[in-house]
Amino acid sequence: DSGVTQTPKHLITATGQRVTLRCSPRSGDLSVYWYQQSLDQGLQFLIQYYNGEERAKGNILERFSAQQFPDLHSELNLSSLELGDSALYFCASSVGLGSVIETQYFGPGTRLLVL
Amino acid sequence: DQQVKQNSPSLSVQEGRISILNCDYTNSMFDYFLWYKKYPAEGPTFLISISSIKDKNEDGRFTVFLNKSAKHLSLHIVPSQPGDSAVYFCAASRTGYALNFGKGTSLLVTP
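For the record, the sequence lines run as chains A and B.
Take 657 as the starting number for the first sequence in our numbering and just add one per residue.
Take 2 as the starting number for the second sequence in our numbering and just add one per residue.
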C-alpha cells in the first residue's frame, strides 16, 4: 500500500459526459501528479500540483483540468469525454517540489471506460 | 514523441536465471533514470534508480546499468523469482522536468 488513494476504482460513462477523479496523497506529501495510461501507451504525464499551485504541465488536453485543494487532495476533471479518453488514470505524490531524486508514490489508479 | 522506449513488450525467464530488461532513450538531456514495477490492479512502485554520473547501481538482486553513449539502460534481476513477474516501466527525467515513461515490459518468471 503506497498510501495514495484514488476514487473511484472504475468509472463507466458515455461520450460527451464529464467526470471527476479524486486523489488523496500520502500523508505529508505536497506534490500530486496525474498520469494517463492508454492501451498502447506508457504512462503519460498530465499535470503536477505542489501545495495547491500548478507546478508543471504535460500532455494535458484543454478538456481536462485539475486542482489541488487546501487539504492537499486533488481532483482531475475530464469533460466532453471521447472514446479515446478511455484509459487508466494514475495519481502519484511526492514529498517536495518534484526533484529528480524524489520518489513518486502511485495510487492504484482509476479505470475509465467511455462508451 | 516517445522519448523512452522499451522495445520488448514481454519477456519470459525461468526461475533462478537472470532477467534482463532493456530501455533506450532519445533525449541526451535526461540525467536521472528509474525503474518502476507494476502488479495488476496496483499502481507502479519505485524499484531502483541511477544518476547519469554513474554507470551502475545495485540494490540486492536488482542492478541497473547505464550506457550514456548508447543512450541505453538495462535492469538485471538475479536470480529471478516468480514474485518478480510484473510489468516493468523504465522512466527518465531531467532536472526540473517531469518523468517520461516507456510503455513497459511484462516479465513472466516461470518455476
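Every residue gets a Cβ at the ideal spot worked out from N, C-alpha and C, and that includes glycine.
Bear in mind that the values here come from a model prediction, so they are computed numbers and not experimental data.
Each of B:Asp2, B:Cys24, B:Pro80 was checked against the Cα of Tyr89 (chain B), and the nearest Cα belongs to B:Cys24. At a cut-off of 8 Å between beta carbons, Ala87 (chain B) makes no contact with chain A. Listed along the chain, the chain B residues whose CB falls inside 7 Å of the CB of Thr759 (chain A) are Phe47.
Contact with chain A is absent for Gly84 (chain B), since none of that chain's Cβ atoms lies less than 8 Å from the residue's Cβ.
Around Lys104 (chain B), the beta-carbon contacts reaching into chain A at under 8 Å are Asp696, Gln697, Gly698. When the beta-carbon positions are compared, Ile21 (chain B) and His77 (chain B) come within less than 8 Å of each other. Against Phe701 (chain A), the close residues of chain B are Ala99, Leu100, in the order they occur along the chain (beta-carbon pairs closer than 7 Å).
For the set A:Pro664, A:Arg678, A:Asp657, A:Thr669, the Cα lying nearest the Cα of Ser721 (chain A) is the one of A:Arg678.
For Gly763 (chain A), the chain B residues whose C-beta falls within less than 7 Å of its own C-beta are Gly44, listed in chain order.
Using a Cβ distance threshold of 8 Å, Ala743 (chain A) and Gln662 (chain A) do not count as a contacting pair. Under the three-state reduction of DSSP, Leu686 (chain A) is assigned to coil, being neither helix nor strand. Its chain contains Gly708 as the residues whose beta carbon lies nearer than 7 Å to that of Pro726 (chain A), once the 5 sequence neighbours on both sides are disregarded; these appear in chain order.
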